[in-house]
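For reference, the structure is listed below as structure tokens.
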Amino acid sequence: DAKTTQPPSMDCAEGRAANLPCNHSTISGNEYVYWYRQIHSQGPQYIIHGLKNNETNEMASLIITEDRKSSTLILPHATLRDTAVYYCIVRVAGRPGTASKLTFGTGTRLQVTL
Amino acid sequence: GAVVSQHPSWVICKSGTSVKIECRSLDFQATTMFWYRQFPKQSLMLMATSNEGSKATYEQGVEKDKFLINHASLTLSTLTVTSAHPEDSSFYICSAGTPTDTQYFGPGTRLTVL
Chain A
-18 DAKTTQPPSM DCAEGRAANL PCNHSTISGN EYVYWYRQIH SQGPQYIIHG
32 LKNNETNEMA SLIITEDRKS STLILPHATL RDTAVYYCIV RVAGRPGTAS
82 KLTFGTGTRL QVTL
Chain B
132 GAVVSQHPSW VICKSGTSVK IECRSLDFQA TTMFWYRQFP KQSLMLMATS
182 NEGSKATYEQ GVEKDKFLIN HASLTLSTLT VTSAHPEDSS FYICSAGTPT
232 DTQYFGPGTR LTVL
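Here it is in structure tokens:
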């Protein structure tokens, strides 16, 4: 699976948009970009994933560049509860009926402040 | 999103005893479940992948005789830490893969070995 590079930490004011970048310059054509977050002392929480197109759900938006070498996770209105470590993970989809493993890097520690 | 539970959420045991951790997918069937370990201030490290009805696949460096994994049904996987020692103290997290290959994580189990 392709490696990812994320800034170690970021700050964001509450109510503002949090834009978390991820570089995955060696991504292959069949690899998806997944985002998870981990709030302190909890299991990771799935946020969103995409292959080529931009994606949006109730939690966030995922913007993938046209060359797919980088992406940005956008939390449109950050709250204090969004303070967490955010992981960008690139991986190939599993065979039908199975799931493929996730390899976690060090992620970005997002601190949302008042 | 899909819900995964773990039990117990925390456990304290004496050195030399065995501890069993359960992981359940509550609202979906998971052909594949994964077990991770996380030490303080570190990222998640995959320990093993378990497919229902077959033997688990362990990552390099993980002792299969020490960390016994059973995946007897599509909604339950168990991890047994045998002859636990203080260095096994960690945060153990399971995840379950949905048919669409998205992994959902349990809340984690904090193990402390005295």
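Chains as they are written, first to last, in our numbering: chain A, -18 to 95; chain B, 132 to 245. Glycine included, C-beta positions come from ideal geometry on N, C-alpha and C. Here the structure is a predicted model, which means the values were calculated and not measured.
message = Please classify arginine 62 of chain A as buried or exposed, where buried requires at least 16 other C-beta atoms within 10 Å of its C-beta.
response = The Cβ neighbour count for arginine 62 of chain A, taken over all protein chains shown within 10 Å, is under 16; the residue is labelled exposed.
ask   = How is arginine -3 of chain A classed by DSSP in three states: helix, strand or coil?
value = Reduced to three states, the DSSP call for arginine -3 of chain A is coil.
query = Is leucine 175 of chain B close to chain A, meaning its C-beta is less than 8 Å from at least one C-beta of that chain?
reply = Yes, leucine 175 of chain B counts as interfacial toward chain A.
inquiry  = With a threshold of 8 Å between beta carbons, is proline 238 of chain B in contact with chain A?
reply    = Closer than 8 Å: yes.
ask   = Does the Cβ of isoleucine 143 of chain B have 16 or more other Cβ atoms within 10 Å, making it buried, or fewer, making it exposed?
value = Answer is exposed; the Cβ neighbour count stays below 16.
message = Excluding the 5 residues flanking isoleucine 44 of chain A on each side, which residues of the same chain have their C-beta closer than 7 Å to its C-beta?
response = Annotation for isoleucine 44 of chain A: Asn35, Ser52, Thr53 and Ile55 place their beta carbon closer than 7 Å to its own, counting only its chain and skipping 5 residues before and after.
key: Cα-Cα separation between valine 150 of chain B and serine 9 of chain A, rounded to whole angstroms   = Whole-angstrom Cα-Cα distance: 41 Å.
message = If the cut-off is 9 Å on Cβ atoms, which residues from the region 159 to 185 of chain B count as contacting chain A, listed in chain order?
response = Cβ contacts with chain A come from Ala161, Thr162, Thr163, Met164, Phe165, Tyr167, Gln169, Gln173, Ser174, Leu175, Met176, Leu177, Thr180 and Asn182.
inquiry  = Counting only beta-carbon separations shorter than 8 Å, does alanine 41 of chain A have a partner in chain B?
reply    = No - not a single Cβ of chain B is within 8 Å of the one on alanine 41 of chain A.
ask   = So, helix, strand or coil for arginine 49 of chain A, using DSSP?
value = Correct three-state label for arginine 49 of chain A: coil.
request  = Check distances from the C-beta atoms of the region 11 to 29 of chain A to those of chain B and list, in chain order, the residues that come in under 9 Å.
outcome  = Interface annotation for the region 11 to 29 of chain A against chain B: Tyr13, Tyr15, Tyr17, Gln19, Ser22, Gln23, Gly24, Pro25, Gln26 and Tyr27, criterion Cβ-Cβ distance under 9 Å.
task = Could you tell me if glycine 184 of chain B is buried or exposed, where buried requires 16 or more neighbouring beta carbons within 10 angstroms of its beta carbon?
result = Glycine 184 of chain B comes out exposed.
inquiry  = For phenylalanine 165 of chain B and threonine 46 of chain A, what's the separation of their Cα atoms in angstroms?
reply    = One alpha carbon belongs to phenylalanine 165 of chain B, the other to threonine 46 of chain A, and they sit about 31 Å apart.
request  = For my contact list, glutamate 153 of chain B and glutamine 169 of chain B are in at a C-beta cut-off of 8 Å; report their separation, rounded to the angstrom.
outcome  = The Cβ separation is near 18 Å, so there is no contact.
query = With a cut-off of 8 Å, does the C-beta of threonine 87 of chain A fall near any C-beta of chain B?
reply = For threonine 87 of chain A, at least one C-beta of chain B is nearer than 8 Å to its own C-beta.
request  = Can you give me the start and stop residues for the beta strand (DSSP E) that glutamate 39 of chain A sits inside?
outcome  = It is not in any beta strand (DSSP E) - glutamate 39 of chain A carries neither H nor E in the DSSP assignment.
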